[in-house]
Amino acid sequence: MRNWKAIEQIKIMNITKSTIGDVCDFAGGSQPPKSVFSSENKEGYIRFIQTRDYKSDNFLTYIPIRTARRFCDLEDIMIGRYGPPIFQISRGISGAYNVALMKAVPKKNILNDYLFYLLKQESIFRYVDGLSLRTGGQTGVDLDSLKKYPILLPDIPYQQSIVDVLKTLDSKIEINNRINTDLERIAKILYDYWFVQFDFPDNKGNPYKTSGGQMVWNKELKKEIPEGWNHGELKEIANITMGQSPPGESYNNENNGMIFFQGCTDFGNRFPTVRQFTTRPARLAKTGDILLSVRAPVGTLNIAKDNCCIGRGLAALNSKDNCIAYLFGVMKNLKQIFDRRNVDGTTFGAITRDDLCSLVIVKPDKEILKKYHEVVNPSFDMQNKLEVETQKLTELRDWLLPMLMNGQVKVT
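Under our numbering, residues 9 to 420 are what the sequence shown spells out, in order.
Structure follows, in C-alpha cells:
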C-alpha cells in the first residue's frame, strides 16, 4: 500500500489527503431467482446486468422489474466484486445489476467522472487483487481495506481539468472503435454478398446470381455455387501453423525474448494484448497472420501485430493467395459454425490440425477473388491502422492517469 511520506512530497495547490472511503460509497447488487430470467425483453421486464455483459452482448438477460432491487444507469461506475478477474471498472449499461457487481457512488467532494478514472488506476487494482488472494475459494474485493486506501483529492475545478484531458483521449479511442465496428460490419456484408449469396458483380457490374448467373450443384457443399467455382479445404487457401507452448520456465513479463500469446484470453478487439514473453519460442506467427483460438472457445480471431510465439491454444494462418481480407472473411464465416455448435450445447473443446486443414470451403474464381481483394483490402488495412492508433492512445492515457492523479503532471 502506498505511504503518506511519498505523497507529502507532492506540492500542488488545492489538493488534500483523503481515502477512497471518504469520497465514495459502494452499493452491492441483488440476485433474483434464475426461474424469472428471460432472454427476451418483455413488457414489465428490465435488463439484468452481469459482469460478462460489459464485454459482450451475447448473453442478454431480463428480469421482471418487481424482482429488481439494485439499479444503474449509463454513467454509473460498476465494479466486478469477484474474480478472476477481480475489480474490473466498467460503465455504459442501464438496468438492474447482480451480486457479482457493486456500484461506486460518489460523495459531494468528488466528480463521478473523476472517481471513475481514480478507481481505474493500475496501483489500486494491484492493491485490491493482492488482498483478494488472502481469502479462500472465490476471490472477492476487501471493501474495508479498499476504503482505507489513501488518495490525493484536488478541488472540483481541478478534478474537471483532469477529467477533460482523459476524456479527450477516451473520446478519440471510442471514435476509432466505432469506425472499426462499422468497417467490420461492412466487410461481413460484402463477404456474405459475394461468397454466400453469390451476388458479386458480374462482367456488367450486376449482381451475379440475382441477374441470372449460371449456378451448378456441388454435392460436397450440398448447395449450388457459381459456374467455374469449386469446393476445397482450408489448407488449400491458407498456410496453417498450430501453436506449441514453450517451457514454463522461459515465461516472463520483463520484455525478455519474444512476445508470447497462450490463447484467446490475450485477445483484444483486433490485436492481442502483450502480457508475456518467452526466451525459448517454439511455434511462431508472423506480423499480419490471423490468430485463431483452437481450444474452447474455438473460432475466436485476432491479428498478430508483431512476430510472436503462439501456445497450444492458438493457430496462425496466412493467405496462400495473398488475400488476407478474404481469408479473414472465411474464418469469420467458419466461426459461425463453431458458434452454432456452442448454442446447440455441443461445444468444441478443441480443434486439431487435421480438423482445421480439412474444413470444407467454397473456392471462388481467381479473378473474382482478385477483385474482392481490391475492394476490401484497403478497409482491412485501415482497421489495422486504427487499432494501432487506439492502442497507442490507450497506452498514453494509462501512462498519464496515475501521474495526473498523484500530481506528478499538472494540467495548466
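C-beta atoms are modelled at their ideal positions from N, C-alpha and C, and glycine is treated no differently.
A quick note: this is a predicted structure, and the numbers were derived from the prediction, not measured.
Report back the beta-carbon spacing between E228 and V368 to the nearest angstrom; my notes put them in contact at under 8 Å. Position 220 of the sequence shown, counted from the first residue, corresponds to residue 228. Position 360 of the sequence shown, counted from the first residue, corresponds to residue 368. At roughly 6 Å, the Cβ-Cβ gap stays under 8 Å, so E228 and V368 are in contact.
Give me the Cα-Cα distance between L299 and D172, rounded to the nearest whole angstrom. As a working mapping, residue 299 is identified with position 291 in the sequence shown. As a working mapping, residue 172 is identified with position 164 in the sequence shown. Near 37 Å, if we compare the C-alpha coordinates of D172 and L299.
Euclidean distance between Cα positions of D65 and G138: The residue you call residue 65 lines up with position 57 of the sequence shown. The residue you call residue 138 lines up with position 130 of the sequence shown. If I take the Cα positions, the gap works out to 30 Å.
Scan the region 11-68 and note each continuous beta strand (DSSP E) run of 3 residues or more that stays entirely inside, going in chain order. 23-27, 32-36, 53-57
In the structure shown, what three-state DSSP assignment does I97 receive? By 1-based counting over the sequence shown, the position of residue 97 is 89. I97 falls in the strand class under three-state DSSP.
Burial state of S140 (16 or more Cβ within 10 Å): As a position in the sequence shown, residue 140 is number 132, starting the count at 1. By the 10 Å Cβ count, S140 comes out buried.
With a CB to CB cut of under 7 Å and the five nearest residues on each side skipped, what residues in its chain are close to T143? The count along the sequence shown starts at 1 and reaches residue 143 at position 135. Confidence is the limiting factor: at T143 the pLDDT is only 48, short of 50, which leaves the residue's position unreliable, though a coordinate-based value still follows. Closer than 7 Å at Cβ, skipping near neighbours: no residue.
Measure the alpha-carbon distance for M86 versus N247 and round it to whole angstroms. Translated into positions along the sequence shown, residue 86 becomes position 78. Translated into positions along the sequence shown, residue 247 becomes position 239. The straight-line gap from Cα to Cα measures roughly 43 Å.
Beta-carbon contacts of T27 that lie in its chain and below 7 Å, excluding the five residues immediately before and after: On the sequence shown, position 19 is the one that residue 27 refers to. Closer than 7 Å at Cβ, skipping near neighbours: K155, K156, Y157, P158, I159.
Around the C-beta of W237, are 16 or more other C-beta atoms found within 10 angstroms, so that it is buried, or is it exposed? Taking the first residue of the sequence shown as position 1, residue 237 is located at position 229. With 16 or more other Cβ atoms within 10 Å, it is buried.
For the pair the region 191-206 and the region 332-341, tell me if three or more CB-CB distances fall below 8 Å. yes
For P305, tell me which candidate among P289, I332, R288, F346 has the shortest Cα-Cα distance. Stepping through the sequence shown from its first residue, residue 305 is reached at position 297. Ranking the options by Cα distance to P305, first place goes to F346.
Neighbourhood of A112 by C-beta, 7 Å cutoff - its chain only, sequence neighbours within 5 removed: On the sequence shown, position 104 is the one that residue 112 refers to. The residues are C32, F34, I85, I87, L123, L127.
In whole angstroms, give me the CA-to-CA distance for I164 and M413. Numbered from 1 along the sequence shown, position 156 holds the residue referred to as residue 164. Numbered from 1 along the sequence shown, position 405 holds the residue referred to as residue 413. When rounded, the distance between both Cα atoms is 13 Å.
Measure the alpha-carbon distance for F67 versus N385 and round it to whole angstroms. The residue labelled residue 67 in the question sits at position 59 within the sequence shown. The residue labelled residue 385 in the question sits at position 377 within the sequence shown. Rounded to the nearest angstrom, the two C-alpha atoms are 32 Å apart.
What's the gap between the Cα of P72 and the Cα of N49? Numbered from 1 along the sequence shown, position 64 holds the residue referred to as residue 72. Numbered from 1 along the sequence shown, position 41 holds the residue referred to as residue 49. Answer to the nearest angstrom: the Cα atoms are 9 Å apart.
Out of G29, T24, Y105, point me to the one whose CA is closest to I54's CA. In the sequence shown, counting from the first residue as 1, residue 54 sits at position 46. Checking every option, the nearest Cα to that of I54 belongs to Y105.
Could you pull the start and end residues of the alpha helix (DSSP H) that T249 belongs to? Within the sequence shown, residue 249 is the residue found at index 241, counting from 1. Taken as a continuous stretch (DSSP letters only), T249 belongs to no alpha helix (DSSP H), being part of the beta strand (DSSP E) at 246-250.
Are the region 128-137 and the region 177-195 in contact at 8 Å, needing three or more beta carbon pairs? no
Please identify the residue among S253, N188, L242, D274 whose C-alpha is closest to the C-alpha of E395. Within the sequence shown, numbered from 1, the residue matching residue 395 stands at position 387. Per the Cα distances, N188.
Taking just the CA atoms, how far does M390 sit from D406? To locate residue 406, count along the sequence shown from 1; it is residue 398. To locate residue 390, count along the sequence shown from 1; it is residue 382. Between D406 and M390, the C-alpha separation is close to 24 Å.
Kindly identify the DSSP beta-bridge partner or partners of M413. To locate residue 413, count along the sequence shown from 1; it is residue 405. DSSP, once it has assigned bridges, lists no residue as partnering M413.
Given L82 as reference, the closest of R99, T75, F95, E375 once Cα atoms are compared: For this step, residue 82 is matched to residue 74 along the sequence shown. Per the Cα distances, R99.
Taking the continuous alpha helix (DSSP H) assigned at V171, which residues delimit it? The residue given as residue 171 occupies position 163 in the sequence shown. Note, V171: alpha helix (DSSP H), 164-203.
Helix, strand or coil for S153? Go by DSSP, reduced to three states. Walking along the sequence shown from the start, residue 153 turns up at place 145. DSSP places S153 in helix when its eight states are reduced to three.
Distance, Q129 Cα to P162 Cα: As a first step, residue 162 is located in the sequence shown; it is residue number 154 there, counting from the start. As a first step, residue 129 is located in the sequence shown; it is residue number 121 there, counting from the start. Whole-angstrom Cα-Cα distance: 16 Å.
Are the region 325-333 and the region 272-282 touching by the rule of at least three beta carbon pairs closer than 8 Å? no
Could you spell out the range, first to last residue, of the alpha helix (DSSP H) harbouring Y135? Working through the sequence shown from its first residue, we reach residue 135 at position 127. Where Y135 is concerned, the enclosing alpha helix (DSSP H) stretches over 130-140.
Restricting to Cα atoms, I'd like to know which of E382, R78, S47 is closest to L109. Indexing the sequence shown from 1 puts residue 109 at position 101. Among E382, R78, S47, the Cα nearest to that of L109 belongs to R78.
Is it buried or exposed, A333, if we count other Cβ atoms within 10 angstroms and call 16 or more buried? By one-based count along the sequence shown, residue 333 stands at place 325. Under this definition A333 is a buried residue.
Can you tell me whether Q344 is buried or exposed, with buried defined as 16 or more other CB within 10 angstroms of its CB? Locating residue 344 in the sequence shown gives position 336, counting from the first residue. When all chains shown are included, Q344 counts as exposed.
Quick check on DSSP: helix, strand or coil for W225? By 1-based counting over the sequence shown, the position of residue 225 is 217. Three-state DSSP puts W225 in a strand.
Since N315 and K294 are thought to touch, with beta carbons under 8 Å apart, how far apart are those beta carbons, to the nearest angstrom? As a working mapping, residue 315 is identified with position 307 in the sequence shown. As a working mapping, residue 294 is identified with position 286 in the sequence shown. 6 Å between Cβ atoms; contact.
Collapsed DSSP secondary structure at S301 in the structure displayed: Start at 1 with the first residue of the sequence shown, and residue 301 comes out as number 293. Strand.
Sub-8 Å separation of S366 and E244 beta-carbons: By 1-based counting over the sequence shown, the position of residue 366 is 358. By 1-based counting over the sequence shown, the position of residue 244 is 236. No. Outside cutoff.
Bounding residues of the beta strand (DSSP E) (the contiguous stretch that carries C317): The residue you call residue 317 lines up with position 309 of the sequence shown. Element bounds for C317: 316-318.
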